[in-house]
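So the structure is just underneath, and the comments pick up after that.
Protein chains: 2
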Amino acid sequence: MARTPATPSTAAAVRLDLLEGPESVAAVVTRLAERGGRVRTVATVRSLETDPPQAEIEVEVEGLTEDELVDALDGMPDIQAIRRTRALGTIFGKRVIVVGGGAQVAQVALGAVSEADRHNLRGERISVDTIPLVGEANIAAAVRAVADLPRARLLVLAGSIMGGDISAAADELRSVGVPIIALNMVGSITEHVDLVVSDPVQAGTMAVMAIADTASFDLVRQRGRKY
Amino acid sequence: MARTPATPSTAAAVRLDLLEGPESVAAVVTRLAERGGRVRTVATVRSLETDPPQAEIEVEVEGLTEDELVDALDGMPDIQAIRRTRALGTIFGKRVIVVGGGAQVAQVALGAVSEADRHNLRGERISVDTIPLVGEANIAAAVRAVADLPRARLLVLAGSIMGGDISAAADELRSVGVPIIALNMVGSITEHVDLVVSDPVQAGTMAVMAIADTASFDLVRQRGRKY
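These protein sequence lines map, in sequence, to chains A and B.
Going by numbering that gives the first Met the number 0, the first sequence opens with residue 0, and the numbers climb by one from there.
Going by numbering that gives the first Met the number 0, the second sequence opens with residue 0, and the numbers climb by one from there.
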């Protein structure tokens with residue numbers, strides 16, 4: 000079953016100050032559904048130290064205009080404030096995720112940010128999101144969690160030795176449609192990714208090229224190769 | 000009104016294959032509220048090319064155990080698959096966001112990733128998320144959107160000239176409790192941030208130190224200074 004990236008760029012978005020309560024989010028989502036909106040995102044961004052407690056939540060909805068979204072929520076008793084905002088996909092766009100050892104992650108980021116800069120100048124929106132981690136369990140969990148990250152389009156594994164459960168997690172992530180580039184390294188991981196690249200700066204560059212509509216690099220045609 | 004970061008680390012999480020429909024997300028959220036859960040996150044991560052169409056959505060809930068969460072959703076007619084997963088906060092943790100010109104963003108990322116590596120080795124979870132952008136309108140929109148990013152704890156503005164609407168956006172972001180470090184640069188932005196740092200690698204390092212519980216750096220005590 001083909002799984003393709005969600006395209007939330009047409010969504011209307013607001014950020015709400017909402018009274019905390021078991022029913023408050025459900026009431027918002029139900030109201031939006033009644034008005035014909037399809038809720039794509041509800042995210043709790045921070046807590047307000049008020050009495051009674053409130054939370055700030057960001058809501059993205061397809062099928063409603065921004066005015067219709069605000070109108071649907073206006074006057075709901077649990078909503079204390081409504082701010083118009085923009086769907087995160089229109090700002091931060093597609094995401095390359097870089098996971099692994101700090102030294103390598105930093106070099107991959109250098110290549111990826113430099114390449115994203117060039118494409119974003121031409122109208123793309125590509126983010127480069129990183130986390131340095133150590134240990135098979137931590138890295139495997141992060142690889143699996145990339146499947147839960149909105150707008151994550153490609154993972155770069157940057158390290159010197161990876162295998163075992165990380166390789167199993169890599170297979171799972173690729174099965175939901177997120178390709179992986181790995182540095183050339185010790186361990187079985189290089190047999191469980193789409194592309195192996197020895198130079199970390201080039202790995203970051205290729206990662207961005209692979210997801211940029213403004214580039215002519217096709218990862219499918221490179222699958223299984225090593226550079 | 001003090002606004003503090005949401006702490007979703009106690010949330011239980013699942014990823015669902017859900018039939019698309021205006022009521023399907025509302026039905027899930029309502030069911031979870033009936034069982035006493037407080038929904039913190041609903042995120043559409045990708046679309047499935049099925050007939051009828053489905054989407055993969057990630058759901059995080061407080062107040063229910065993972066077993067209670069799965070039990071609450073089991074058998075709902077629109078849910079085609081349930082996978083247990085982990086709340087994103089437990090994997091990717093706090094986020095430093097870096098926005099600006101590619102050359103500077105890459106150097107700030109180098110410092111921030113290296114410093115995050117050291118703290119993550121001691122049990123922290125800190126991510127460094129970046130986007131290279133050009134132009135006052137684009138950067139101002141990104142600064143405002145940081146307020147909508149879950150787990151964003153600090154923004155670094157990395158560039159050579161920023162002011163105008165970017166400075167207005169910086170004031171707005173700080174008013175919701177997200178501090179800002181800027182490189183020393185041309186323009187009014189340096190008067191609208193918490194700290195100004197000339198060296199981009201050090202700016203990235205200080206950004207991570209400022210949000211790490213494993214560091215003893217207090218941004219409040221440095222407010223208004225330039226290094």
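For glycine and all other residues, C-beta sits at the position ideal for the given N, C-alpha and C.
Note that this is a predicted model, so its numbers are computed, not measured.
Which residues in chain B sit within 9 Å of residue i, going by Cβ to Cβ distance?
i: Asp116/A; result: Gly100, Gly101, Ala102, Val104, Ala105, Pro131, Leu132, Val133
i: Asn258/A; result: One cannot answer for residue 258/A here, as it falls past the ends of chain A, which runs 0 to 226.
i: Glu48/A; result: Met0, Ala1, Arg2, Thr3
i: Leu72/A; result: Result: empty, since nearest Cβ-Cβ is about 14 Å, beyond 9 Å.
For residue i and residue j, I'd like the C-alpha separation in whole angstroms.
i: Leu156/A; j: Val97/A; result: 6 Å
i: Arg124/A; j: Asp212/A; result: 10 Å
i: Ala169/A; j: Val192/A; result: 7 Å
i: Arg45/A; j: Val200/A; result: 35 Å
i: Val207/A; j: Ala1/B; result: 39 Å
i: Ala71/B; j: Thr64/B; result: 10 Å
i: Ala151/B; j: Gln221/A; result: 35 Å
i: Leu15/A; j: Thr129/A; result: 28 Å
i: Ile165/A; j: Leu31/B; result: 32 Å
i: Glu59/A; j: Asn183/A; result: 40 Å
i: Gly204/B; j: Glu22/A; result: The amino acid at residue 204/B is misidentified as Gly; the sequence shows Thr. Each residue's alpha carbon lies about 42 Å from the other.
i: Gly62/A; j: Arg37/A; result: 6 Å
i: Thr163/B; j: Ser187/B; result: Going by the sequence as given, residue 163/B is Gly instead of Thr. Looking at the two C-alpha atoms, the distance is approximately 7 Å.
i: Ala12/A; j: Glu57/A; result: 7 Å
i: Ala102/B; j: Ala214/B; result: 27 Å
i: Met161/B; j: Glu33/A; result: 43 Å
i: Met75/A; j: Leu148/B; result: 24 Å
i: Ala202/B; j: Leu18/B; result: 46 Å
i: Lys225/B; j: Thr189/B; result: 9 Å
i: Arg90/B; j: Glu171/A; result: A quick correction: the sequence has Ile, not Arg, at residue 90/B. Taking the straight line joining both Cα atoms gives about 17 Å.
i: Val127/A; j: Val95/A; result: 5 Å
i: Val69/A; j: Val24/B; result: 19 Å
i: Val104/B; j: Pro131/B; result: 7 Å
i: Glu55/B; j: Gly99/A; result: 26 Å
i: Glu114/A; j: Arg39/B; result: 34 Å
i: Ala10/A; j: Val185/A; result: 43 Å
i: Asp77/B; j: Thr43/B; result: 15 Å
i: Pro4/B; j: Gly223/A; result: 42 Å
i: Gly243/B; j: Gln106/B; result: The structure shown has nothing for residue 243/B, since chain B only spans 0 to 226.
i: Pro7/B; j: Lys93/B; result: Because the pLDDT at Pro7/B is just 49, under 50, the model does not fix this residue reliably, and the value given afterwards should be weighed accordingly. The alpha-carbon atoms of Pro7/B and Lys93/B are separated by roughly 11 Å.
i: Phe216/B; j: Ala209/B; result: 6 Å
i: Val195/B; j: Leu218/B; result: 11 Å
Just to confirm the assignment, what range does the beta strand (DSSP E) spanning residue i have?
i: Leu120/A; result: Counting along the chain, Leu120/A falls outside any beta strand (DSSP E), and DSSP gives it neither H nor E.
i: Pro4/A; result: 2 to 4
i: Val192/B; result: Element bounds for Val192/B: n/a, residue is neither H nor E.
i: Ala209/A; result: Where Ala209/A is concerned, there is no enclosing beta strand (DSSP E), although the alpha helix (DSSP H) it sits in stretches over 199 to 210.
i: Arg14/B; result: 11 to 18
i: Ala181/B; result: 179 to 182
i: Pro131/B; result: 125 to 131
Along chain A, in chain order, which residues have C-beta atoms closer than 7 Å to that of residue i?
i: Val28/B; result: Val24, Ala25, Val28
i: Leu238/B; result: As displayed, chain B neither begins before 0 nor continues past 226, which places residue 238/B out of reach and without an answer.
i: Ala202/B; result: Within chain A, no residue comes near Ala202/B; the closest Cβ sits about 14 Å away, beyond 7 Å.
i: Leu68/B; result: Neighbours of Leu68/B on chain A: none; closest Cβ ~14 Å, over 7 Å.
Along chain B, in chain order, which residues have C-beta atoms closer than 8 Å to that of residue i?
i: Thr84/A; result: Arg143, Ala144, Ala146, Asp147
i: Ser126/A; result: Asp128, Thr129, Ile130
i: Ala108/A; result: Ala105, Ala108, Leu109, Val112, Val127, Thr129
i: Leu156/A; result: Those do not exist, as Leu156/A stays about 15 Å from chain B at its closest Cβ, beyond 8 Å.
i: Arg14/A; result: Ala146, Asp147
i: Ala32/A; result: Pro21, Glu22, Val24, Ala25
Residues of chain B with a CB under 7 Å from the CB of residue i: which are they?
i: Glu57/A; result: Asp147
i: Ser269/A; result: Because chain A spans 0 through 226 in this model, residue 269/A falls outside it and cannot be assessed.
i: Val41/A; result: Val38, Thr40, Val41
i: Ile230/A; result: Residue numbering for chain A in the displayed model covers 0 to 226; residue 230/A lies beyond these limits and cannot be assessed.
At 8 Å on the CB atoms, spell out the chain A contacts of residue i, in chain order.
i: Arg45/B; result: Arg2, Thr3, Pro4, Ala5, Val175, Gly176
i: Gly35/B; result: Pro21
i: Leu87/B; result: Ala144, Asp147, Leu148
Terminal residues of the continuous alpha helix (DSSP H) containing residue i?
i: Arg220/B; result: 218 to 221
i: Gly88/B; result: 87 to 91
i: Ile160/B; result: No alpha helix (DSSP H) contains Ile160/B, which DSSP labels as neither H nor E.
i: Leu68/B; result: 65 to 72
i: Ala136/B; result: 135 to 145
Does at least one heavy atom of the ligand MG sit under 6 Å from the Cβ of residue i?
i: Gly92/A; result: Ligands in the displayed structure: none, and consequently the ligand MG is not present.
For chain D, is any of its Cβ atoms less than 7 Å away from the one on residue i?
i: Ala168/B; result: Any reference to chain D falls outside this structure, whose protein chains are A and B.
Can you pull the chain A residues whose beta carbon is under 9 Å from the beta carbon of residue i, in chain order?
i: Ala206/B; result: Those do not exist, as Ala206/B stays about 13 Å from chain A at its closest Cβ, beyond 9 Å.
i: Ala181/B; result: The contacting residues do not exist; Ala181/B stays about 18 Å from chain A at best.
i: Ala211/B; result: Near Ala211/B there are no residues of chain A at all, since even the closest Cβ is about 13 Å away, more than 9 Å.
The segment 79 to 86 of chain A touching the segment 169 to 188 of chain A, judged by at least three CB pairs closer than 8 Å: No, they do not touch.
Cβ contact check for the segment 139 to 155 of chain B and the segment 148 to 166 of chain A: 3 or more pairs under 8 Å: With the cut-off at 8 Å, the segment 139 to 155 of chain B and the segment 148 to 166 of chain A do not touch.
The segment 98 to 111 of chain B / the segment 39 to 53 of chain B touching (three or more Cβ pairs under 8 Å): Contact check between the segment 98 to 111 of chain B and the segment 39 to 53 of chain B: fewer than three CB pairs, one atom from each, fall below 8 Å, which does not count as touching.
Those runs of the beta strand (DSSP E) which lie wholly inside the segment 33 to 60 of chain B and span at least 3 residues: Those beta strand (DSSP E) runs which fall completely within the segment 33 to 60 of chain B and span 3+ residues are 37 to 47.
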